[in-house]
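Taken in order, the sequence shown gives residues 97 to 383; the numbers are from my numbering.
Each residue gets a CB set at the ideal place from its N, CA and C atoms; glycine is no exception.
As the structure is a prediction and not an experimental result, all values here were calculated from the model.
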Amino acid sequence: MFCTSLFLNEVGMTEADSPLKIGPFTLASRLIIGTGKYDTLELMRDSLEASGSSAVTVAVRRERMYDRVGQNVLDYIDPAKYILLPNTAGCYSAADALRVAKMGRELLRTLENPGADWVKLEVLGDSKTLLPDPIATIEACEKLVADGFHVLCYTSDDPIVARRLKSAGATSVMPAGSPIGSGQGILNPNNLQIILEYLKEGDSDYPVIIDAGVGTASDVSVAFELGADGVLLNSAIAHAKDPIGMSHAMKHAALAGRLAYLSGRIPKRLYATASSPEEGVITTRPW
């Protein structure tokens, strides 16, 4: 039984819950926020703060480290507050993803940020759908794991590919709720439930993080209600009319969805079930 006084705290988790563990990393918040697509880096900084996140993901490709006026994104991320998660966004081959991942590791080692040895792996199949190339993703995952990385793998909602990625050594599998940046939310909850069942079988603590497609706060709640351990999002905040307000909404949606999952929803029934007992009712039914 949870006490309502334990529901919320400042870092975006319930005090009745435990922190999210991904390999050697422990995150106070179960939200991981992206740093791209904001109108200004100042807006990005304030949105990250409002989200309560303790980890942010950064595209490592050189042209992505600076905005249109030459400001460096890393100057607006407090290294004492956030663990940086380098990602291989924009890579279309295993070879490119390996190169970018290693660039990210060297960059963060220079900054002495603890995120140097993990990476969010993306190997895309084409530029229109931004869906992952499953074969190249598995190949890159195996090689990065062999090179000492803790790999968080972006993948589709295919349960078989998800299981293959875990077998390849992925520290976390990150199935998409829907295509990147689409804002369509959770399109196939059934497949996500199967992925959760497959990956947590015999390993209930294995972290499964929903990545991509979130459009609004209710999508985050749904992801957590399904049993996801975390949610990674970017566009839903960066492209919102009020990114800072949406960051607050995402923080509280994560709290609500996670708490609902831990509390256990009632079963769905075909017919109504009275909330009050029928014993002692003085009226009679008309049938």
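Taking the beta carbon of Y250 as the centre, do at least 16 other beta carbons fall within 10 Å, making it buried, or is it exposed? buried
Just curious, the alpha helix (DSSP H) that V169 is in, first and last residue? Run containing V169: none; DSSP gives neither H nor E here.
Is it buried or exposed for R365, if we count other Cβ within 10 angstroms and need 16 for buried? exposed
CB-CB length for S150 against Y172, believed under 8 Å: At roughly 16 Å, the Cβ-Cβ gap does not stay under 8 Å, so S150 and Y172 are not in contact.
Suppose the cutoff is 8 Å on Cβ atoms and the five residues either side in sequence are ignored; what does the same chain contact list for S317 look like? A349, A350, A352, G353 and A356
Could you say which of P303, L139 and E202 lies nearest to S114 if we only look at CA atoms? P303
Extent of the continuous alpha helix (DSSP H) run through H335: Here H335 belongs to no alpha helix (DSSP H), and DSSP marks it neither H nor E.
Please work out which residues of its chain come closer than 7 Å, Cβ to Cβ, to T100, disregarding the five sequence neighbours upstream and downstream, and give them in chain order. Confidence at T100 is low in this model, with a pLDDT of 35, below 50, so the placement of that residue should be treated as unreliable; the coordinate-derived value is given next. Closer than 7 Å at Cβ, skipping near neighbours: no residue.
How about P271 and I291: do their beta carbons lie closer than 8 Å? yes
Count the other CB atoms within 10 Å of the CB of A368; is the residue buried (16 or more) or exposed (fewer)? exposed
Neighbourhood of T225 by C-beta, 8 Å cutoff - its chain only, sequence neighbours within 5 removed: P275
Residue span of the alpha helix (DSSP H) that contains L204, given as start and end: A190 to L207
Nearest neighbour of R195, chosen from V219, E208, T267 and L123 [CA to CA]: V219
Using the three-state DSSP reduction, which class does Y40 fall into: helix, strand or coil? Limits of the chain in this structure are 97 at one end and 383 at the other, which puts residue 40 out of reach.
If I follow the unbroken alpha helix (DSSP H) through L240, where does it start and stop? P230 to A242
Which of helix, strand or coil DSSP assigns to I255: Note that residue 255 is Pro in the sequence shown here, rather than Ile. P255: helix per DSSP, three-state reduction.
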